[in-house]
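Engineer:
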DNA sequence: CTTGACGGCTAACGGTGTTAGCCCTACGTT
DNA sequence: AACGTAGGGCTAACACCGTTAGCCGTCAAG
């Protein structure tokens with residue numbers, strides 16, 4: 086069996102813990118993802134979590150891996166065009182705002198990631214850009230910027246963001 | 086005397102505190118900006134800070150105001166073209182990475198901001214986009230995305246980001 | 001002369017991640 | 001049958017965080 090998927094990266098108990106951590110994060114935000122709150126949800130005490138993960142960062146790393154895998158899946162499932170890819174990216178991010186934030190706010194701990202995962206997540210966009218990494222990076226920056234500025238309430242409340250998305254998508258297609 | 090500038094928004098003592106807070110933030114990052122560490126730097130004890138600011142968020146708000154004012158100044162000083170504006174934006178952000186992060190990671194507390202400040206910071210970009218808010222927002226998202234993805238180590242270490250910047254600037258000029 | 005604002009202080013509280021050390025259970029080996 | 005070991009819980013405690021309560025000195029204005 087090939088390695089890589091979260092399913093076989095972790096023991097069953099670890100996976101249960103990550104599942105509850107994710108639920109806590111997605112339901113109540115990063116501030117609610119506490120070792121004690123997580124332990125509570127699992128019916129155990131906080132220090133017991135350290136039998137499974139060396140620290141909180143290791144636990145969050147698994148959430149980051151999950152987010153990257155799901156992003157990759159979402160992009161792979163989208164049609165092979167830049168606007169379609171951007172829609173898929175936006176949709177996934179807005180559907181999982183707290184997970185998306187956790188994923189993008191910190192530095193990527195590349196050496197601890199499953200091999201090839203980052204490249205896999207980047208592949209669909211790169212392909213649709215005809216292999217032009219500069220265009221792919223610029224388009225990614227645009228999409229991430231739109232998502233994160235919206236999540237952080239940086240646009241005026243009455244801003245028509247779909248128009249801005251369209252403008253950006255058009256700009257990178259020419 | 087007109088209100089608005091940080092200079093007359095705050096009493097002298099408050100300004101001293103904000104100055105040290107900024108130094109702490111810029112020198113050692115957000116994690117080092119602690120009420121106790123800040124008090125230490127000022128030669129006082131942490132609880133004394135609450136004689137000047139109701140809570141840490143109020144202190145951070147002043148740093149956000151500073152960042153917005155300086156961003157506005159940097160953009161106003163730049164030449165009246167989109168690439169020039171983007172260069173100025175990038176330069177300011179990269180010169181003050183921790184301040185920039187503090188400014189953009191949280192939601193903007195608009196009601197507590199000096200009136201007109203947000204609009205002032207946005208004006209140069211909007212003007213260079215010929216008043217087209219959609220293009221301005223898309224270009225801003227691109228620039229912010231480039232900066233924050235770089236700050237968060239999201240691009241490969243050997244990525245040629247200046248090429249990506251150029252690609253983006255070109256895309257929004259057509 | 002007194003009052004009040006200003007700006008310090010200590011002690012303490014609850015919450016955070018984390019460590020040390022103890023214990024029970026289940027399983028595989030001798 | 002006895003033993004050792006790994007897995008997975010527990011309590012107590014530590015250091016640090018933001019924050020509050022309450023006390024005290026200084027100094028200018030009435």
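Residue numbers (this note's numbering), protein chains in the order written: chain X, 86 to 259; chain C, 86 to 259. By construction, the Cβ of each residue, glycine as well, lies at the ideal position given by its N, Cα and C atoms.
Determine the contact status of residue 249(C) and residue 226(X), defining contact as a CB-CB distance below 9 Å.
Structural biologist: For the purposes of this step, residue 249(C) is taken as the residue at position 164 of the second chain. For the purposes of this step, residue 226(X) is taken as the residue at position 141 of the first chain. Going by C-beta atoms, residue 249(C) is nearer than 9 Å to residue 226(X).
Engineer: Using a Cβ-Cβ distance under 9 Å, would residue 231(X) count as near chain C?
Structural biologist: Translated into positions along the first chain, residue 231(X) becomes position 146. Interface residue, yes.
Engineer: Using the C-alpha atoms, what's the distance from residue 98(C) back to residue 129(C)?
Structural biologist: As a working note, residue 129(C) is residue 44 in the second chain. As a working note, residue 98(C) is residue 13 in the second chain. Straight-line Cα distance between these residues: approximately 12 Å.
Engineer: Can you give me, in chain order, the residues of the stretch 239-258 of chain X that have a beta carbon less than 8 Å from any beta carbon in chain C?
Structural biologist: Per Cβ criterion, the list reads 239, 240, 244, 245, 246, 248, 249, 250, 251, 252, 253, 256, 257.
Engineer: By how many angstroms is the C-alpha of residue 110(C) removed from the C-alpha of residue 126(C)?
Structural biologist: Counting from one through the second chain, the residue named residue 126(C) turns up at place 41. Counting from one through the second chain, the residue named residue 110(C) turns up at place 25. Cα to Cα, the separation comes out at about 12 Å.
Engineer: Quick one: residues in its chain with C-beta nearer than 8 Å to the C-beta of residue 166(C), no 5 flanking neighbours on either side, listed in chain order?
Structural biologist: Residue mapping note: residue 166(C) aligns to position 81 of the second chain, counting from 1. The answer, listed in chain order, is 213.
Engineer: Looking at the unbroken alpha helix (DSSP H) that takes in residue 188(C), where does it start and where does it end?
Structural biologist: Here the question's residue 188(C) lines up with position 103 in the second chain. Residues 182-190.
Engineer: Taking only runs of the alpha helix (DSSP H) that begin and end inside the stretch 104-182 of chain X, which ones reach a length of at least 4 residues, in chain order?
Structural biologist: The qualifying runs are 120-127, 141-162, 167-180.
Engineer: Given that a residue counts as buried once 16 or more other Cβ atoms are within 10 Å of its Cβ, and exposed if not, what is residue 113(C)?
Structural biologist: What you label residue 113(C) is simply residue 28 of the second chain in a count that begins at 1. With fewer than 16 other Cβ atoms within 10 Å, it is exposed.
Engineer: Can you list the residues of chain X that residue 219(C) reaches, using a CB-CB cut of under 7 Å?
Structural biologist: For the purposes of this step, residue 219(C) is taken as the residue at position 134 of the second chain. Near residue 219(C) (Cβ distances below 7 Å), the residues of chain X are 248, 249, 252.
Engineer: I need the straight-line Cα distance from residue 138(C) to residue 158(C), nearest angstrom please.
Structural biologist: Translated into the one-based positions of the second chain, residue 138(C) becomes position 53. Translated into the one-based positions of the second chain, residue 158(C) becomes position 73. So the two alpha carbons sit approximately 26 Å from each other.
Engineer: Classify residue 186(X) as buried or exposed, calling it buried when 16 or more other Cβ atoms lie within 10 Å of its own Cβ.
Structural biologist: For the purposes of this step, residue 186(X) is taken as residue 101 along the first chain, with counting starting at 1. Residue 186(X) should be labelled buried.
Engineer: Taking all protein chains shown into account, decide if residue 145(X) is buried (16 or more other Cβ within 10 angstroms of its Cβ) or exposed.
Structural biologist: Position 60 of the first chain, counted from the start, is the residue given in the question as residue 145(X). So residue 145(X) counts as buried.
Engineer: Looking at residue 170(X): is its Cβ nearer than 9 Å to the Cβ of residue 160(X)?
Structural biologist: Sequence index remark: in the first chain, residue 170(X) carries index 85 (1-based). Sequence index remark: in the first chain, residue 160(X) carries index 75 (1-based). Yes. Within cutoff.
Engineer: Tell me whether the stretch 223-241 of chain C and the stretch 192-209 of chain X touch, counting them as touching only if at least three CB pairs, one residue from each stretch, are closer than 8 Å.
Structural biologist: With the cut-off at 8 Å, the stretch 223-241 of chain C and the stretch 192-209 of chain X touch.
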